[in-house]
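**Student:**
Residue numbers (my numbering), protein chains in the order written: chain P, 892 to 1417; chain V, 43 to 334.
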């Protein structure tokens, strides 16, 4: 019944939009499928041998009204998601009215205030995250340089909206739009402030047979920030605080939450510098206090660590410790050695050094806790050797506290080496190869990875890779893929196996099974 | 000049209005601050509404419910001892009215090797998979769905408030390595259709357990070789899902089962658990020590 009502609302939205003149229709299809040939654990998958996550987005745009809807089909979902992820329906439907200086959205929507410290509604399909809000949002630009947002709604929790009511407001003012002096000197200065309120009804959470927790029904969070840019320099300062919010994540603590961030950057032709520091404490903020796992987060704290794309560099990825808190630092220097110099050679060379360090906190603000959570020092060099060959090299030294991040496993200290070469074989033929090696005395010891990717422009791409654990299990995780692109269509057929693992957070661990089988991905934009 | 300044002040005030509104908004919403001394609310303990105890002149239609807590645990599960701590607290609060069973299995279970005792069983894996559980520790309380360990106190209390229309008796006697189990089930009101399940549990098994050290410090894990495991599920007496049973009002059914003690078990540490369940959950449970 609910689905029918939602479908009707969506249809009405679409029809309303169609009534307008000059309607632009756009959308996309994404379908990822797995035909499992053998479960690595020899267990029958709950979804059977065929699994698929499929999304169909449709959007209609006109001068005054936009509308959209998304159908999702995960009745037989890919492995590694919560049980509740399974299902199908129309979880997204929205209509947006636009006037000169204002727009209003009714239905589902995504939003972020500032850096997301107190509100970030977003979608990350690979992780099964979609914490969109169902409700209303008003955005007004009453004058130049001022943006005001007000919203209220309930968060998506897979196929229901069962969290508390989330409401909030955000104001962003660009002072340089008002102050001539700033504009004259090329300085941009903005101030921002946000507030978010969560209302959640009382519930019984007993600590023993005759005492239950006195739970706050309202939790407030606020955020202030300023961003200054002048020439190559940039500074962002942001602070957020949250009132008492006892939850499963923080072991039903009544402490307030805080997060403060300072980020400075310098960017001039050929040179870039980034320095960041952040301290957070008890900032897990969900619309359902007893929720565990990934759903129903209202906020998001970015990890101050490099988001690696190379397979072995990303083998031990850091995840922000929202509830426990952390001190996080990151520094990065990039320098471009010019062509025809001693170090730059004939084609020039780019060097980037990145260092990030995350550590436990203490109650005293500026004191470190005893444990290192994560450390990553990496040096990347990018250089064209000849007109047809380009080489990227990376060395990375990593410390990963698996106990803190995943629940168990101790400190893993690894050294990672990556060589990535791109060969232009012909005008429309490219070959990219990767060789990677990770060495560590802990966990599953050493890993090796090799990849070859042949691009036959404009349509074809053939990829083969093997991730090999030769330090412990001696297992190969091989994959082969054939990709075909034509116009807005992309289809990819593959075969391979993935490794099993545990996804641990908030005191519990969920098993993500290994798989082996054929994969088929289809993407289409229209 | 004055007019110009006044105009500028007005413009600035207008521009800063959004911030003013933003300051007011939190005031409009209620703000709950709960002082340290007000964080717990006293609630009357569960009233034990047992007609067998309160009124002997009327027909007996219900009795106290004994709650079954199935704890899905594993020796490789660092957080599982946190669940065990909750069980200890519940046993202190409710004594024999709570039957806790440690079901070792699932991905974090350990079945043992030549040097280390493993407590996980195929039966434990079967239950873990059948209930479609996703993480550990997790519990079933009277089989009403998966419950996170931090909610066990709340959910057990809710079950304790219910009565049961079934009364059960259970005896287990050891003789020459053979246990004779006698169970009796009586419906006090109406008919009951369900399954009768009997399990063997063992207490005081010293075996390895991964855990935090101390248990509430998530940043340190150890492999504790001297961890004491209690109420460990060893086997099912009458099949993985028990056997069908039909009860009529005040028409007790008595069943007897022989069971040979496995060489790996310590007979003096064994208990038997019997319970009745159907699609509505567990209706009644009982536990008894094996008497020698």
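Here a beta-carbon is modelled for each residue, glycine too, at the ideal position from N, C-alpha and C.
(1) Note the first and the last residue of the continuous alpha helix (DSSP H) segment covering residue 126 of chain V.
(2) Less than 8 Å between the C-beta atoms of residue 1343 of chain P and residue 1324 of chain P, yes or no?
(3) In chain order, what residues of the segment 219 to 235 of chain V put their CB closer than 7 Å to some CB of chain P?
(4) What residues of chain B sit near residue 1107 of chain P, judged by a beta carbon separation below 8 Å?
(5) Return helix, strand or coil for residue 341 of chain V, following the three-state DSSP convention.
(6) According to the Cβ coordinates, are residue 1225 of chain P and residue 1243 of chain P closer than 8 Å?
(7) Below 8 Å between beta carbons is the criterion; list the residues of the segment 133 to 158 of chain V that meet it against any residue of chain P, in chain order.
(8) In chain order, which continuous runs of the beta strand (DSSP E) of length 3 or greater are located wholly inside the segment 1241 to 1328 of chain P?
(9) Can you pull the chain V residues whose beta carbon is under 8 Å from the beta carbon of residue 1181 of chain P, in chain order?
(10) Can you pull the chain V residues whose beta carbon is under 9 Å from the beta carbon of residue 916 of chain P, in chain order?
(11) Can you tell which of P/1295, P/1072, P/1288 has the C-alpha that lies nearest to the C-alpha of residue 1306 of chain P?
(12) Rounded to whole angstroms, what is the Cα-Cα separation between residue 166 of chain V and residue 1308 of chain P?
(13) DSSP state of residue 192 of chain V, grouped into three classes?
(14) Helix, strand or coil, according to DSSP, for residue 213 of chain V in the structure here?
(15) The beta strand (DSSP E) with residue 117 of chain V in it runs from where to where?
(16) Between residue 1295 of chain P and chain V, is there a C-beta pair that is closer than 8 Å?
(17) Can you look up residue 309 of chain V in the DSSP assignment and give me helix, strand or coil?
(18) Starting from residue 1079 of chain P, follow the beta strand (DSSP E) in both directions and report where the run begins and ends.
(19) Using a C-beta cutoff of 8 Å, does residue 120 of chain V count as contacting chain P?
(20) Report the three-state DSSP secondary structure of residue 919 of chain P (helix, strand or coil).
(21) For the structure I just gave you, are there three or more beta carbon pairs, one from the segment 109 to 126 of chain V and one from the segment 1116 to 1136 of chain P, closer than 8 Å?
(22) Starting from the C-beta of residue 1110 of chain P, find all residues in its chain whose C-beta is less than 6 Å away, skip the five residues before and the five after it, and write them out in chain order.
(23) What residues in its chain sit with their C-beta under 7 Å from that of residue 246 of chain V, if we drop five residues either side in the sequence?
(24) When burial is assigned at 16 or more other CB atoms within 10 Å of the CB, is residue 1347 of chain P buried or exposed?
(25) Given that a residue counts as buried once 16 or more other Cβ atoms are within 10 Å of its Cβ, and exposed if not, what is residue 935 of chain P?
(26) Note down the Cα distance separating residue 319 of chain V from residue 284 of chain V, rounded to an integer number of angstroms.
(27) According to the Cβ coordinates, are residue 1147 of chain P and residue 1132 of chain P closer than 8 Å?
(28) So which of P/1048, P/1058, P/1296 has the shortest CA-CA distance to residue 975 of chain P?
(29) Smallest Cα separation from residue 1017 of chain P: which of P/973, P/950, P/1053?
(30) For residue 1104 of chain P, decide whether its Cβ has a neighbour in chain V, counting only Cβ atoms nearer than 8 Å.
(31) Under a three-way DSSP split, which group does residue 231 of chain V fall into?
(32) Could you compute how far the alpha carbon of residue 130 of chain V sits from the alpha carbon of residue 1098 of chain P?
(33) Cα-Cα, which of V/253, V/222, V/309, V/236 is closest to residue 150 of chain V?
(34) Buried or exposed for residue 1139 of chain P, going by 16 or more other Cβ atoms inside 10 Å?
(35) If you check the beta carbons only, do residue 330 of chain V and residue 212 of chain V fall under 8 Å apart?
(36) Inspect the beta-carbon positions of residue 281 of chain V and residue 185 of chain V and report whether they are closer than 8 Å.
**Tutor:** Once the coordinates are examined:
(1) Against the second chain, residue 126 of chain V aligns to sequence position 84. Element bounds for residue 126 of chain V: 122 to 136.
(2) Locating residue 1343 of chain P in the first chain gives position 452, counting from the first residue. Locating residue 1324 of chain P in the first chain gives position 433, counting from the first residue. Yes, the Cβ-Cβ distance between residue 1343 of chain P and residue 1324 of chain P is below 8 Å.
(3) Residues are counted here when their Cβ sits less than 7 Å from a Cβ of chain P; for the segment 219 to 235 of chain V the count is zero.
(4) Considering every chain present, this structure includes no chain B. Its protein chains are P and V.
(5) Any answer about residue 341 of chain V is impossible in this case: the structure gives chain V only from 43 up to 334.
(6) Mapped onto the first chain, residue 1225 of chain P falls at position 334. Mapped onto the first chain, residue 1243 of chain P falls at position 352. Yes, they are a contact pair.
(7) 135, 136, 148, 149, 150
(8) 1259 to 1277, 1280 to 1292, 1302 to 1317
(9) On the first chain, position 290 is the one that residue 1181 of chain P refers to. Here the neighbours are 190, 192, 193.
(10) Counting from one through the first chain, the residue named residue 916 of chain P turns up at place 25. Neighbours of residue 916 of chain P across chain V, judged by C-beta separation under 9 Å, do not exist; the nearest C-beta is about 35 Å away.
(11) Here residue 1306 of chain P refers to the residue found at position 415 of the first chain. Comparing Cα positions, the closest option is P/1288.
(12) Walking along the second chain from the start, residue 166 of chain V turns up at place 124. Walking along the first chain from the start, residue 1308 of chain P turns up at place 417. Going from the Cα of residue 166 of chain V to the Cα of residue 1308 of chain P covers about 43 Å.
(13) Position 150 of the second chain, counted from the start, is the residue given in the question as residue 192 of chain V. It is helical.
(14) Position 171 of the second chain holds residue 213 of chain V. If DSSP states are grouped into helix, strand and coil, residue 213 of chain V belongs with the strands.
(15) Within the second chain, the letter at position 75 stands for residue 117 of chain V. Note, residue 117 of chain V: premise wrong, no beta strand (DSSP E); not H, not E.
(16) By 1-based counting over the first chain, the position of residue 1295 of chain P is 404. True, the Cβ-Cβ gap to chain V drops below 8 Å.
(17) For the purposes of this step, residue 309 of chain V is identified with residue 267 of the second chain, where counting begins at 1. Of the three classes helix, strand and coil, the one that applies to residue 309 of chain V here is helix, per DSSP.
(18) As a working note, residue 1079 of chain P is residue 188 in the first chain. 1078 to 1090 is the extent of the beta strand (DSSP E) around residue 1079 of chain P.
(19) Mapped onto the second chain, residue 120 of chain V falls at position 78. A Cβ of chain P is located within less than 8 Å of the beta carbon of residue 120 of chain V.
(20) Mapped onto the first chain, residue 919 of chain P falls at position 28. For residue 919 of chain P, the secondary structure class from DSSP, reduced to helix, strand or coil, is strand.
(21) With the cut-off at 8 Å, the segment 109 to 126 of chain V and the segment 1116 to 1136 of chain P do not touch.
(22) As a working mapping, residue 1110 of chain P is identified with position 219 in the first chain. Excluding sequence neighbours, residue 1110 of chain P sits near 1089, 1134, 1136.
(23) The sequence position of residue 246 of chain V within the second chain is 204, counting from 1. Taking residue 246 of chain V as the centre and dropping the five residues before and after it, the same chain places the C-beta of 270, 272, 311 closer than 7 Å to its C-beta, in chain order.
(24) Here residue 1347 of chain P refers to the residue found at position 456 when the first chain is read from its first residue. Exposed, because fewer than 16 other Cβ atoms sit within 10 Å of the Cβ of residue 1347 of chain P.
(25) Indexing the first chain from 1 puts residue 935 of chain P at position 44. A caution first: residue 935 of chain P carries a pLDDT of 49, below 50, which makes its placement in the model unreliable, though a value can still be read off. With fewer than 16 other Cβ atoms within 10 Å, it is exposed.
(26) As a working mapping, residue 319 of chain V is identified with position 277 in the second chain. As a working mapping, residue 284 of chain V is identified with position 242 in the second chain. As the crow flies, the alpha-carbon of residue 319 of chain V is around 9 Å from that of residue 284 of chain V.
(27) Walking along the first chain from the start, residue 1147 of chain P turns up at place 256. Walking along the first chain from the start, residue 1132 of chain P turns up at place 241. Their beta carbons are under 8 Å apart, which means residue 1147 of chain P touches residue 1132 of chain P by this criterion.
(28) For this step, residue 975 of chain P is matched to residue 84 along the first chain. Ranking the options by Cα distance to residue 975 of chain P, first place goes to P/1048.
(29) As a position in the first chain, residue 1017 of chain P is number 126, starting the count at 1. Among P/973, P/950, P/1053, the Cα nearest to that of residue 1017 of chain P belongs to P/973.
(30) Indexing the first chain from 1 puts residue 1104 of chain P at position 213. Cβ-Cβ to chain V under 8 Å: yes for residue 1104 of chain P.
(31) Here residue 231 of chain V is taken as the residue at index 189 of the second chain, counted from 1. Residue state, collapsed to three classes: coil.
(32) Taking the second chain and counting its residues from 1, one reaches residue 130 of chain V at position 88. Taking the first chain and counting its residues from 1, one reaches residue 1098 of chain P at position 207. Going from the Cα of residue 130 of chain V to the Cα of residue 1098 of chain P covers about 13 Å.
(33) For the purposes of this step, residue 150 of chain V is identified with residue 108 of the second chain, where counting begins at 1. The shortest C-alpha separation from residue 150 of chain V is found at V/253.
(34) Translated into the one-based positions of the first chain, residue 1139 of chain P becomes position 248. Buried.
(35) As a working note, residue 330 of chain V is residue 288 in the second chain. As a working note, residue 212 of chain V is residue 170 in the second chain. Against a cut-off of 8 Å, the Cβ pair of residue 212 of chain V and residue 330 of chain V comes out as a contact.
(36) Taking the first residue of the second chain as 1, we reach residue 281 of chain V at position 239. Taking the first residue of the second chain as 1, we reach residue 185 of chain V at position 143. Not closer than 8 Å, so no.
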